[in-house]
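*Asks:* I am attaching a structure below and will ask some questions about it afterwards.
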Amino acid sequence: MSVPVLIIEDHPLYLGALRALFERGDGFEVVAEAATGAAALEALEGPRGARPRVITLDLHLPDGSGTALAQRVLAAHPQVRVLVISALTDRAAVLSALRAGVHGYLTKDAGSEEIRHAVRLVAAGGTAFGEPIAVLLRDWLKADAGASARTHFPTLTGRETQVLDLLAGGREYAQIARELGISEKTVRNHLSNLFVKLEVNNRAQAILVARRAGMGTS
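Put into structure tokens, the structure is as follows:
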């Protein structure tokens, strides 16, 4: 069965490229196209309303925010899945889109097969993130974990914080040593020091305290 797709894109050349991409790929049907948010809502809610399973959405639209449009569409049409395809990669844009409930995020330099695969995955109920976005999300989570650690554990050194974060993430001592480029004995020394600073008696207690502070996500 073909995946019905609504393309929302204000750049004519990229809109045409997406149309051609889906028309060339088996298993897709472009049921509507829109260059503005208003046109997209008309396509969805007009008398001959399209019934897409997946919407590919550019966040930069001439008549408003793509994020706000996604939020409105998903509230009114919960069966629809939204895949962002955008040139925007700043933290505010990406996180706002995720908070709006989108089901995936690709950058505009994604290849044809990556886009097709993402649409299929999202249509099937999954989520899809392009490698650049996945890397950004990972880095932001690590940065947030570091900020949380500095707030919760101000007495820890930078290296002790790194060791604790990796420990909370499930790494064994030997793995921590390899990732940080230090000896396993040095890892154990750092752990002994941070056990004292955290006022815990063992590894399990340290992991529990660290995870409560949001560490261990990397």
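Residue numbers (the numbering used here): 1392 to 1609.
Just so you know, even glycine gets a beta-carbon here, dropped at the ideal spot from N, CA and C.
All figures in this text were calculated on a predicted structure; none of them were measured in a lab.
1) Let me know the secondary structure DSSP gives G1607 once reduced to three states.
2) Taking a contact to mean a Cβ-Cβ separation below 7 Å, would you say A1431 touches D1401 in this structure?
3) Identify, in the order they occur along the chain, each residue of the same chain with its Cβ nearer than 8 Å to the Cβ of R1562, setting aside the five sequence neighbours on each side.
4) Helix, strand or coil: which one does DSSP assign to E1504?
5) What is the rounded straight-line gap between the Cα of E1433 and the Cα of Y1564?
6) Sorted by chain position, which residues of the same chain lie with C-beta nearer than 7 Å to R1442's C-beta, five sequence neighbours on each side aside?
7) Can you pull the DSSP bridge partners for R1472?
8) CA-CA distance, K1588 and F1544?
9) When the distance is taken between beta carbons, is S1477 closer than 7 Å to L1435?
10) Report the rounded CA-to-CA distance for A1559 versus N1592, giving the unit in angstroms.
11) So, is T1447 buried or exposed, given that buried needs 16 or more other C-beta atoms within 10 angstroms?
12) Which of the three DSSP states, helix, strand or coil, is assigned to A1488?
13) Would you check if the stretch 1488-1508 and the stretch 1464-1476 touch, i.e. whether three or more CB-CB distances between them fall below 8 Å?
14) Within 10 angstroms of the Cβ of E1551, are there 16 or more other Cβ atoms? Answer buried if so, exposed if not.
15) Just to confirm, are S1456 and E1420 a CB contact at a threshold of 7 Å?
16) Please classify P1453: does DSSP put it in a helix, a strand, or coil?
*Replies:* Here's the rundown:
1) It is coil, neither helix nor strand.
2) Not a contact, by the Cβ cut-off of 7 Å.
3) Correct list, in chain order: E1570.
4) The answer is helix: DSSP assigns E1504 an H, G or I state.
5) Rounded to whole angstroms, E1433 and Y1564 show a C-alpha spacing of 58 Å.
6) Counting only Cβ-Cβ distances below 7 Å, and skipping sequence neighbours, we find P1395 and V1422.
7) R1472 is bridged by DSSP to V1445.
8) Looking at the two C-alpha atoms, the distance is approximately 8 Å.
9) No. Outside cutoff.
10) Between the alpha carbons of A1559 and N1592 lies a distance of about 15 Å.
11) It counts as buried.
12) The DSSP-derived three-state label of A1488 is helix.
13) Here the stretch 1464-1476 lies against the stretch 1488-1508, with 3 or more beta-carbon pairs under 8 Å apart.
14) In this structure E1551 is buried. Its beta-carbon is surrounded by 16 or more other beta-carbon atoms within 10 angstroms.
15) Judged by beta-carbon spacing, E1420 lies beyond the 7 Å limit of S1456, meaning their Cβ atoms are not closer than that value.
16) Residue state, collapsed to three classes: coil.
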